[in-house]
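One structure below.
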Amino acid sequence: MDTILILDFGSQTTQLIGRRIRDLGVRSTIIAGDRRLDDATLSDVKGIILSGSPASVADDDAPRPDPRIYHCGVPILGICYGLQRLVAELGGRVEVSVAREYGRSRQRYRTAHPLFHGVPDGFVSWMSHGDSIRQLPDGATLVTESEHGLPGCVAFAQHSMVGIQFHPEVTHCEYGDAILENFAIRICGARRQWTVEHYLQQQGAQIRKQVGSAPVLLLISGGVDSTVTAALLLQTLDPQQVHLMYVDTGLMRDGESEEVARGLRALGARHLYLIDAEQRFLSRLAGVDDPEQKRERIGDTFIEVQQEEVKRHIDGDYFLAQGTLYTDLIESGRGVGAKAKVIKSHHNVRSPLVEARRAAGRIVEPLAGLYKDEVRRLGTLLGVAPEIVDRHPFPGPGLAVRILGEVTKDKCDILRAVDDIYISQLRARGLYADIWQAFSVLLPVRSTGVTGDARGYGYVAALRAVVSRDGMTADVFAFPPQDLLEISALITNRVPQVGRVVYDVSSKPPATIEWE
Ligand code: XMP
Numbered sequence: 056m057d058t059i060l061i062l063d064f065g066s067q068t069t070q071l072i073g074r075r076i077r078d079l080g081v082r083s084t085i086i087a088g089d090r091r092l093d094d095a096t097l098s099d100v101k102g103i104i105l106s107g108s109p110a111s112v113a114d115d116d117a118p119r120p121d122p123r124i125y126h127c128g129v130p131i132l133g134i135c136y137g138l139q140r141l142v143a144e145l146g147g148r149v150e151v152s153v154a155r156e157y158g159r160s161r162q163r164y165r166t167a168h169p170l171f172h173g174v175p176d177g178f179v180s181w182m183s184h185g186d187s188i189r190q191l192p193d194g195a196t197l198v199t200e201s202e203h204g205l206p207g208c209v210a211f212a213q214h215s216m217v218g219i220q221f222h223p224e225v226t227h228c229e230y231g232d233a234i235l236e237n238f239a240i241r242i243c244g245a246r247r248q249w250t251v252e253h254y255l256q257q258q259g260a261q262i263r264k265q266v267g268s269a270p271v272l273l274l275i276s277g278g279v280d281s282t283v284t285a286a287l288l289l290q291t292l293d294p295q296q297v298h299l300m301y302v303d304t305g306l307m308r309d310g311e312s313e314e315v316a317r318g319l320r321a322l323g324a325r326h327l328y329l330i331d332a333e334q335r336f337l338s339r340l341a342g343v344d345d346p347e348q349k350r351e352r353i354g355d356t357f358i359e360v361q362q363e364e365v366k367r368h369i370d371g372d373y374f375l376a377q378g379t380l381y382t383d384l385i386e387s388g389r390g391v392g393a394k395a396k397v398i399k400s401h402h403n404v405r406s407p408l409v410e411a412r413r414a415a416g417r418i419v420e421p422l423a424g425l426y427k428d429e430v431r432r433l434g435t436l437l438g439v440a441p442e443i444v445d446r447h448p449f450p451g452p453g454l455a456v457r458i459l460g461e462v463t464k465d466k467c468d469i470l471r472a473v474d475d476i477y478i479s480q481l482r483a484r485g486l487y488a489d490i491w492q493a494f495s496v497l498l499p500v501r502s503t504g505v506t507g508d509a510r511g512y513g514y515v516a517a518l519r520a521v522v523s524r525d526g527m528t529a530d531v532f533a534f535p536p537q538d539l540l541e542i543s544a545l546i547t548n549r550v551p552q553v554g555r556v557v558y559d560v561s562s563k564p565p566a567t568i569e570w571e
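The structure is reproduced here in structure tokens:
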């Protein structure tokens, strides 16, 4: 199948490049940027993209691609560090920039290039670089220049080799998709052969081969990821092999556990274990207010409960399946190239116990190559109910990372009541589907209020609603003010412990979507 090979030098957005290429219907493969390339890796490759990097080409230990890329006869696109790498390797000069460029910058054409077919002069690009090009290699031409007078795109004398200083993969770059499409389809001639159906077939075959007839245990969180993983396992394997375990941590939303169980039975689950572990989780969280420590304790408690329970239900060895996504991996610094910075340790990736299963080759992660909206498409294909497929993402540690500071049962109950009103109002007002993720957060502060003649001293609840394509970046949802005011009034009227409601107006970056 025609493939675009992406060499990952550790940029936070490398996975987005792969994702955008797949959105075009073209298969993309991401490998470590400095890996040696053999014939098998290059076999269906129609083009190569060099990613950005936190490294600088000036560093001695900065990663370099296998020189074979220059001789295998396929077009190359360098992005940011990728461009600088090409410039440095081909005899040009890269230096720390006088004018650093971060964020928006308009590009002006100096000459035409097929990479910009259909892209108007002055388009807004998205920059994030400290180094820039001081001197082009022999025979290279400047294709665009940024509004700050720095090279934006360079075409090299060598066969179809081009580089851009900006990031076409981020949503804020105008015509970013068109630029990547021009590269993959127009310049490389790759055919659109990638589909979710194909992914399902490929994963199905791989899982059958990996697990044989051994039992597979899947921990269900209640979110779309684990439900789609369950559906995939139930369809790919003998349902008798598939053991589904749902641990009620006490950190779930109102009515969630019952809804999850109904959904799984409808998908044909035969072995479904529902475990009430609220007491245990809450006692492990007592006195803990650091978010990473919360995640670690929850992750470890999950695994402890699982290990105890599994002995009761499964004989002998088993595989552990997880609904891990691409985004979970990169944001935990485990992305290909292993240089992405750690932002939050998503518990399903970093827990030492999971690492041990991983090291033993006993982990099945069938969604690890997919982004959230691809998982939704796969879910629909597998017959998962639309209300589950369209559900906003919910983090593994649940309400624990939405209660800032120490987590207690009382606070969970308050937040459940708030969130139930918020989410059911979003559905009733037809706003739910316009939002990528909405939730409420309980702040560890009290604020003065007045109810009737009495002075109150209630909690502050924050409402969050963001729009996003994949959770990697997010914008604030432009909430219709009247709806926001009415929902806020419902919350303070119906939840007596909450005296004040605020709306979070921060985008990601610089904030993250969750508050912890
Ligand atoms: P952030 O807050 O990192 O969130 O911008 C991006 C997406 O990831 C979810 N998230 C988590 N999911 N375990 C999870 O399974 C976690 O620890 C975790 N932290 C954040 C978040 O809800 C959003 O969809």
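Throughout the sequence shown, residue numbering follows the working numbering, covering 56 to 571 in sequence.
All residues carry an ideal CB built from backbone N, CA and C; glycine is no exception.
Query raised in the report: Going by the beta-carbon positions, is the gap between Val505 and Arg555 smaller than 7 Å?
Result: Contact: no.
Query raised in the report: Can you give the beta carbon distance from Val550 to Glu461, rounded, assuming they're within the 8 Å contact cut?
Result: Between Glu461 and Val550 the Cβ distance is about 19 Å, and since that is not below 8 Å, they are no contact.
Report task. Would you decide whether Ala395 is buried or exposed? Buried here means 16 or more other CB atoms lie within 10 Å of its CB. Result -> With a pLDDT of 45 at Ala395, under the threshold of 50, the modelled position of this residue cannot be trusted, and the question is left open.
Query raised in the report: Run through DSSP, which three-state label would Phe336 get?
Result: Phe336: helix per DSSP, three-state reduction.
**Report entry** Segment limits, alpha helix (DSSP H) that includes Tyr477
**Finding:** Start and end: Lys464 to Ala483.
Query raised in the report: Helix or strand or just coil, what does DSSP make of Gly218?
Result: Here Gly218 sits in strand by DSSP.
Query raised in the report: Could you check where the beta strand (DSSP E) with Ile572 kicks off and where it finishes?
Result: Nothing in the structure corresponds to residue 572, since the chain is present only between 56 and 571.
Query raised in the report: For Arg148, which residues of its own chain have a beta-carbon under 6 Å away from its beta-carbon, when the five flanking residues on both sides are left out?
Result: In its chain, beyond the 5 residues on either side, Arg189 and Gln190 have a beta carbon closer than 6 Å to the beta carbon of Arg148.
Report task. Assuming Gln361 contacts Met300 (C-beta within less than 8 Å), just tell me the rounded distance between them. Result -> Going by Cβ atoms, the distance from Gln361 to Met300 rounds to 6 Å, so yes, they are a contact pair.
Query - Straight-line Cα distance separating Pro346 from Ala25 - result: No answer is possible for residue 25: it lies beyond the span of the chain, which begins at 56 and ends at 571.
Query raised in the report: Can you tell me whether Ala488 is buried or exposed, with buried defined as 16 or more other CB within 10 angstroms of its CB?
Result: An exposed status is given to Ala488, since fewer than 16 other beta-carbon atoms sit within 10 Å of its beta-carbon.
Query raised in the report: Which one or two residues does DSSP pair with Asp94 in a beta bridge?
Result: According to DSSP, Asp94 bridges with nothing at all.
Query - Check: Lys349 C-beta below 6 Å from any heavy atom of the ligand XMP - result: The answer is no for Lys349.
Requested in this report: Using the Cα positions of Val531 and Asp474, report the straight-line distance between them to the nearest angstrom.
Outcome: Answer to the nearest angstrom: the Cα atoms are 18 Å apart.
Query raised in the report: CA-CA distance, Leu287 and Gly259?
Result: Distance from the CA of Leu287 to the CA of Gly259, rounded to the nearest whole angstrom, comes to 8 Å.
Report task. Specify the secondary structure class of Ala316 as computed by DSSP and reduced to three states. Result -> In the structure shown, Ala316 sits in a helix (DSSP, three-state: H, G or I).
Query raised in the report: Comparing the CB of Thr567 with every heavy atom of the ligand XMP, is any distance shorter than 6 Å?
Result: Thr567 has its Cβ nearer than 6 Å to a heavy atom of the ligand XMP.
Query - Start and end residues, beta strand (DSSP E) containing Glu363 - result: Unbroken run through Glu363 is the alpha helix (DSSP H), Pro346 to His368; no beta strand (DSSP E).
Query raised in the report: Which partner residues does Cys208 have in the DSSP bridge list?
Result: For Cys208, which the question treats as bridged, DSSP gives the partners Thr199 and Ile219.
Query raised in the report: To the nearest angstrom, how far is it from the Cα of Leu79 to the Cα of Ile85?
Result: Each residue's alpha carbon lies about 16 Å from the other.
Query raised in the report: Are Ile104 and Val129 touching if we call contact CB-CB under 7 Å?
Result: No. Outside cutoff.
Query - Neighbour-count burial assignment, Val560, 16 or more Cβ in a 10 Å radius - result: Val560 comes out exposed.
Requested in this report: Measure the alpha-carbon distance for Thr282 versus Ile443 and round it to whole angstroms.
Outcome: A straight-line Cα-Cα distance of about 8 Å links Thr282 and Ile443.
Requested in this report: Please find out if some non-hydrogen atom of the ligand XMP comes closer than 6 Å to the beta-carbon of Lys563.
Outcome: Because some heavy atom of the ligand XMP lies under 6 Å away, the Cβ of Lys563 counts as near it: yes.
Query raised in the report: For the ligand XMP, any of its heavy atoms closer than 6 Å to the Cβ of Gly194?
Result: Flag unset: Cβ of Gly194 not near the ligand XMP.
Report task. Return the residue from the list Gln334, Val419, Leu170 and Val251 that minimises the CA-CA distance to Leu244. Result -> In the sequence as displayed, the identity of residue 244 is Gly instead of Leu. Considering only alpha carbons, the answer is Leu170.
Query raised in the report: Which runs of the alpha helix (DSSP H) fall wholly inside the segment 433-464 and span at least 4 residues, in chain order?
Result: Taking only runs of at least 4 residues, the alpha helix (DSSP H) segments lying wholly in the segment 433-464 are 441-444.
**Report entry** Residue nearest to Gly212 in terms of C-alpha spacing, selected from His222, Ala195, His227 and Glu202
**Finding:** As written in the sequence, residue 212 is Ala, which differs from the Gly given in the question. Out of His222, Ala195, His227 and Glu202, Ala195 has the C-alpha closest to the C-alpha of Ala212.
Query raised in the report: His410 by DSSP, collapsed to three states: which one?
Result: First, the amino acid is wrong: residue 410 is Glu here, not His. The answer is helix: DSSP assigns Glu410 an H, G or I state.
**Report entry** Neighbourhood of Ala520 by C-beta distance below 7 Å, restricted to the same chain and skipping five residues each side
**Finding:** Cβ-Cβ distances below 7 Å link Ala520 to Ile490, Ala493, Phe532 and Phe534 in the same chain, with the five nearest sequence neighbours on each side left out; the list follows chain order.
**Report entry** Gln70 versus Ala324: straight-line alpha-carbon distance, rounded
**Finding:** In this model, Gln70 and Ala324 are separated by some 33 Å (Cα to Cα).
Query raised in the report: Tell me the DSSP bridge mates of Leu145?
Result: According to DSSP, Leu145 bridges with nothing at all.
Query raised in the report: Nearest chain B C-beta to Cys228 closer than 7 Å, yes or no?
Result: No chain B appears in the structure shown, which is made up of a single protein chain.
Requested in this report: Whole angstroms is fine: what's the gap from Glu44's alpha carbon to Leu436's?
Outcome: The displayed coordinates of the chain run from 56 to 571. Any statement about residue 44 would go beyond what the structure contains.
Query raised in the report: Which whole-angstrom value is the C-beta distance of Pro270 and Tyr373, which I expect to be below 8 Å?
Result: With a beta-carbon spacing of about 4 Å, Pro270 and Tyr373 fall inside the 8 Å limit used to define contacts.
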